[in-house]
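Numbering (the working numbering), first residue to last: 19 to 226.
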(Lines of atoms letter the chains of each structure in order from A and count residues from 1; the text may use other names and numbers.)
(Lines give C-alpha, C1' and ligand atoms only; values in the text may rest on other atoms or scores of the structure.)
Protein backbone atom coordinates (compact mmCIF):
# COMPACT_ATOMS: atom_id res chain seq x y z
CA UNK A 1 0.00 0.00 0.00
CA UNK A 2 1.68 3.16 -1.14
CA UNK A 3 1.14 5.68 1.62
CA UNK A 4 3.74 8.03 0.21
CA UNK A 5 5.15 8.74 -3.19
CA UNK A 6 8.27 6.94 -4.34
CA UNK A 7 10.31 10.11 -3.91
CA UNK A 8 9.15 10.51 -0.32
CA UNK A 9 9.89 6.87 0.54
CA UNK A 10 13.71 7.25 0.07
CA UNK A 11 14.51 3.58 -0.56
CA UNK A 12 17.80 2.03 0.51
CA UNK A 13 17.97 -0.62 -2.21
CA UNK A 14 18.99 -0.04 -5.79
CA UNK A 15 15.48 -0.16 -7.23
CA UNK A 16 13.06 2.54 -6.06
CA UNK A 17 10.58 1.67 -3.38
CA UNK A 18 7.25 1.26 -5.06
CA UNK A 19 5.30 1.06 -1.86
CA UNK A 20 2.81 -1.75 -2.02
CA UNK A 21 0.43 0.10 -4.27
CA UNK A 22 -2.82 0.35 -2.34
CA UNK A 23 -3.39 3.72 -0.73
CA UNK A 24 -2.14 7.25 -0.76
CA UNK A 25 -0.28 9.07 2.00
CA UNK A 26 -2.28 9.75 5.11
CA UNK A 27 0.65 11.73 6.42
CA UNK A 28 1.09 13.99 3.38
CA UNK A 29 -2.57 14.45 2.43
CA UNK A 30 -4.92 13.57 5.26
CA UNK A 31 -7.84 15.30 3.59
CA UNK A 32 -7.74 12.82 0.72
CA UNK A 33 -8.79 10.03 3.07
CA UNK A 34 -11.26 11.98 5.20
CA UNK A 35 -14.22 10.84 3.04
CA UNK A 36 -13.12 7.19 3.38
CA UNK A 37 -12.89 7.46 7.16
CA UNK A 38 -16.20 9.33 7.37
CA UNK A 39 -18.08 6.82 5.24
CA UNK A 40 -16.57 3.93 7.22
CA UNK A 41 -17.81 5.43 10.50
CA UNK A 42 -21.24 6.20 9.07
CA UNK A 43 -21.45 2.64 7.74
CA UNK A 44 -21.34 1.13 11.25
CA UNK A 45 -24.97 1.89 12.20
CA UNK A 46 -26.01 0.99 8.66
CA UNK A 47 -24.21 -2.33 9.10
CA UNK A 48 -26.10 -2.94 12.36
CA UNK A 49 -29.39 -2.31 10.57
CA UNK A 50 -28.33 -4.67 7.79
CA UNK A 51 -27.61 -7.41 10.33
CA UNK A 52 -31.06 -6.96 11.88
CA UNK A 53 -32.70 -7.06 8.45
CA UNK A 54 -30.88 -10.25 7.50
CA UNK A 55 -31.82 -11.86 10.81
CA UNK A 56 -35.48 -11.08 10.21
CA UNK A 57 -35.14 -12.57 6.74
CA UNK A 58 -34.05 -15.83 8.41
CA UNK A 59 -36.71 -16.38 11.08
CA UNK A 60 -36.32 -19.48 13.20
CA UNK A 61 -32.75 -20.26 12.13
CA UNK A 62 -30.49 -20.82 15.14
CA UNK A 63 -27.50 -19.50 13.18
CA UNK A 64 -29.31 -16.43 11.82
CA UNK A 65 -27.26 -14.00 13.90
CA UNK A 66 -23.85 -15.53 13.16
CA UNK A 67 -24.56 -15.79 9.43
CA UNK A 68 -25.84 -12.23 9.22
CA UNK A 69 -22.97 -10.74 11.22
CA UNK A 70 -20.42 -12.63 9.11
CA UNK A 71 -21.94 -11.48 5.81
CA UNK A 72 -22.16 -7.83 6.80
CA UNK A 73 -18.73 -7.80 8.47
CA UNK A 74 -17.06 -9.19 5.34
CA UNK A 75 -18.54 -6.39 3.25
CA UNK A 76 -18.01 -3.54 5.72
CA UNK A 77 -14.50 -4.73 6.55
CA UNK A 78 -13.40 -4.95 2.93
CA UNK A 79 -15.05 -2.11 1.00
CA UNK A 80 -13.05 0.76 2.60
CA UNK A 81 -9.79 -0.96 1.63
CA UNK A 82 -11.04 -1.44 -1.92
CA UNK A 83 -11.98 2.23 -2.08
CA UNK A 84 -8.45 3.16 -1.05
CA UNK A 85 -7.04 0.65 -3.52
CA UNK A 86 -8.76 2.24 -6.49
CA UNK A 87 -8.28 5.87 -5.55
CA UNK A 88 -6.11 7.42 -8.31
CA UNK A 89 -2.68 8.76 -7.40
CA UNK A 90 -0.70 11.62 -9.01
CA UNK A 91 1.98 9.27 -10.33
CA UNK A 92 2.94 7.52 -13.58
CA UNK A 93 -0.20 5.64 -14.65
CA UNK A 94 1.35 2.17 -14.66
CA UNK A 95 4.18 0.81 -12.54
CA UNK A 96 4.88 -2.91 -12.51
CA UNK A 97 6.80 -4.87 -9.85
CA UNK A 98 6.96 -8.60 -10.59
CA UNK A 99 10.02 -9.63 -8.54
CA UNK A 100 8.71 -11.38 -5.40
CA UNK A 101 9.73 -9.89 -2.03
CA UNK A 102 11.60 -6.94 -3.57
CA UNK A 103 9.13 -4.33 -2.34
CA UNK A 104 9.02 -5.98 1.08
CA UNK A 105 12.82 -6.00 1.26
CA UNK A 106 12.85 -2.29 0.45
CA UNK A 107 10.32 -1.68 3.18
CA UNK A 108 12.01 -3.61 5.98
CA UNK A 109 15.36 -1.96 5.28
CA UNK A 110 13.79 1.49 5.28
CA UNK A 111 12.04 3.69 7.82
CA UNK A 112 10.33 1.41 10.43
CA UNK A 113 7.09 3.36 10.87
CA UNK A 114 6.58 3.58 7.11
CA UNK A 115 7.23 -0.15 6.75
CA UNK A 116 4.84 -1.00 9.56
CA UNK A 117 1.97 0.97 8.05
CA UNK A 118 2.59 -0.43 4.58
CA UNK A 119 2.78 -4.06 5.65
CA UNK A 120 -0.05 -3.98 8.17
CA UNK A 121 -2.25 -2.09 5.71
CA UNK A 122 -1.79 -4.75 3.07
CA UNK A 123 -2.42 -7.53 5.56
CA UNK A 124 -5.81 -6.00 6.40
CA UNK A 125 -7.16 -5.73 2.83
CA UNK A 126 -8.81 -9.17 2.93
CA UNK A 127 -8.52 -9.82 6.67
CA UNK A 128 -12.25 -9.31 7.27
CA UNK A 129 -13.04 -11.80 4.54
CA UNK A 130 -10.49 -14.25 5.92
CA UNK A 131 -11.86 -14.02 9.46
CA UNK A 132 -15.58 -14.18 8.72
CA UNK A 133 -15.72 -16.52 5.71
CA UNK A 134 -15.19 -19.65 7.89
CA UNK A 135 -17.98 -18.39 10.14
CA UNK A 136 -20.37 -18.09 7.20
CA UNK A 137 -19.47 -21.12 5.11
CA UNK A 138 -17.82 -24.49 5.84
CA UNK A 139 -14.65 -23.51 3.98
CA UNK A 140 -11.08 -24.51 4.73
CA UNK A 141 -8.25 -22.08 5.33
CA UNK A 142 -6.74 -23.19 2.01
CA UNK A 143 -9.93 -22.17 0.22
CA UNK A 144 -9.91 -18.77 1.91
CA UNK A 145 -6.28 -18.26 0.91
CA UNK A 146 -7.00 -19.23 -2.71
CA UNK A 147 -9.97 -16.86 -2.95
CA UNK A 148 -8.01 -14.00 -1.37
CA UNK A 149 -5.13 -14.57 -3.77
CA UNK A 150 -7.52 -14.51 -6.73
CA UNK A 151 -9.13 -11.32 -5.43
CA UNK A 152 -5.77 -9.64 -4.92
CA UNK A 153 -4.59 -10.60 -8.41
CA UNK A 154 -7.82 -9.15 -9.80
CA UNK A 155 -7.17 -5.88 -7.95
CA UNK A 156 -3.61 -5.60 -9.22
CA UNK A 157 -4.57 -6.37 -12.82
CA UNK A 158 -7.44 -3.87 -12.68
CA UNK A 159 -5.17 -1.19 -11.25
CA UNK A 160 -2.76 -1.73 -14.13
CA UNK A 161 -5.48 -1.70 -16.79
CA UNK A 162 -7.10 1.45 -15.39
CA UNK A 163 -3.77 3.30 -15.27
CA UNK A 164 -4.63 5.18 -12.05
CA UNK A 165 -1.08 5.72 -10.78
CA UNK A 166 -0.97 2.59 -8.62
CA UNK A 167 1.88 0.11 -8.38
CA UNK A 168 1.03 -3.36 -9.62
CA UNK A 169 3.14 -5.51 -7.32
CA UNK A 170 3.38 -9.22 -6.68
CA UNK A 171 4.19 -8.39 -3.07
CA UNK A 172 0.74 -6.83 -2.72
CA UNK A 173 -0.73 -10.20 -3.62
CA UNK A 174 1.52 -12.00 -1.15
CA UNK A 175 0.65 -9.69 1.75
CA UNK A 176 -3.07 -9.50 0.96
CA UNK A 177 -3.22 -13.28 0.79
CA UNK A 178 -1.18 -13.74 3.96
CA UNK A 179 -3.50 -11.40 5.84
CA UNK A 180 -6.56 -13.39 4.81
CA UNK A 181 -4.85 -16.67 5.68
CA UNK A 182 -3.77 -15.49 9.13
CA UNK A 183 -7.24 -14.14 9.87
CA UNK A 184 -8.78 -17.44 8.78
CA UNK A 185 -6.45 -19.37 11.08
CA UNK A 186 -7.39 -17.16 14.03
CA UNK A 187 -11.08 -17.51 13.22
CA UNK A 188 -10.80 -21.28 12.89
CA UNK A 189 -8.99 -21.52 16.22
CA UNK A 190 -11.70 -19.49 17.95
CA UNK A 191 -14.42 -21.59 16.34
CA UNK A 192 -12.76 -24.83 17.44
CA UNK A 193 -12.14 -23.65 21.00
CA UNK A 194 -15.69 -24.27 22.35
CA UNK A 195 -15.61 -27.79 20.91
CA UNK A 196 -12.27 -28.46 22.61
CA UNK A 197 -13.56 -27.10 25.92
CA UNK A 198 -16.70 -29.23 25.67
CA UNK A 199 -14.59 -32.25 24.88
CA UNK A 200 -12.42 -31.66 27.94
CA UNK A 201 -15.51 -31.20 30.11
CA UNK A 202 -16.98 -34.43 28.80
CA UNK A 203 -13.76 -36.28 29.54
CA UNK A 204 -13.76 -34.88 33.06
CA UNK A 205 -17.31 -36.01 33.70
CA UNK A 206 -16.59 -39.45 32.30
CA UNK A 207 -13.49 -39.91 34.43
CA UNK A 208 -15.47 -39.13 37.57
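Quick reminder that beta carbons are idealized off the backbone N, C-alpha and C, glycines included.
Check: Identity of the residues DSSP links to residue 105 by a beta bridge; Outcome: For residue 105, which the question treats as bridged, DSSP gives no partner whatsoever.
Check: Rounded straight-line distance, which links the Cα of residue 105 to that of residue 41; Outcome: The predicted model places residue 41 with a pLDDT of 36, which falls under 50 and marks its position as unreliable; any figure quoted below should be read in that light. Going from the Cα of residue 41 to the Cα of residue 105 covers about 7 Å.
Check: Reduced DSSP category for residue 187 - H, G, I as helix; E, B as strand; rest coil; Outcome: strand
Check: Option in 137, 192, 151 and 94 with minimal Cα separation from residue 60; Outcome: 94
Check: Closest residue to residue 68 among 92, 138 and 173 (Cα-Cα distance); Outcome: 92
Check: Reference residue 195, options 73, 207, 183 and 159, closest by Cα; Outcome: 159
Check: Residue 207 to residue 149 span [Cα, whole Å]; Outcome: 10 Å
Check: Exposure of residue 52, with buried meaning 16 or more beta-carbon neighbours within 10 Å; Outcome: exposed
Check: Coarse secondary structure for residue 206, derived from DSSP in three states; Outcome: helix
Check: Helix, strand or coil at residue 113 [DSSP, three-state]; Outcome: strand
Check: Exposure label - residue 113; buried when at least 16 CB within 10 Å; Outcome: buried
Check: Helix, strand or coil at residue 15 according to DSSP, with G and I counted as helix; Outcome: No statement about residue 15 is possible, as the shown extent of the chain runs from 19 to 226 and does not include it.
Check: 8 Å Cβ cutoff met for residue 144 and residue 170; Outcome: yes
Check: Beta-carbon proximity list for residue 209, same chain, < 8 Å, skipping 5 on both sides; Outcome: 152 and 153
Check: For residue 74, three-class secondary structure by DSSP; Outcome: helix
Check: Assigned exposure category for residue 87 - 16 Cβ within 10 Å defines buried; Outcome: buried
Check: Per-residue burial, residue 197 [other beta carbons within 10 Å of its own, 16 or more giving buried]; Outcome: buried
Check: Burial state of residue 127 (16 or more Cβ within 10 Å); Outcome: exposed
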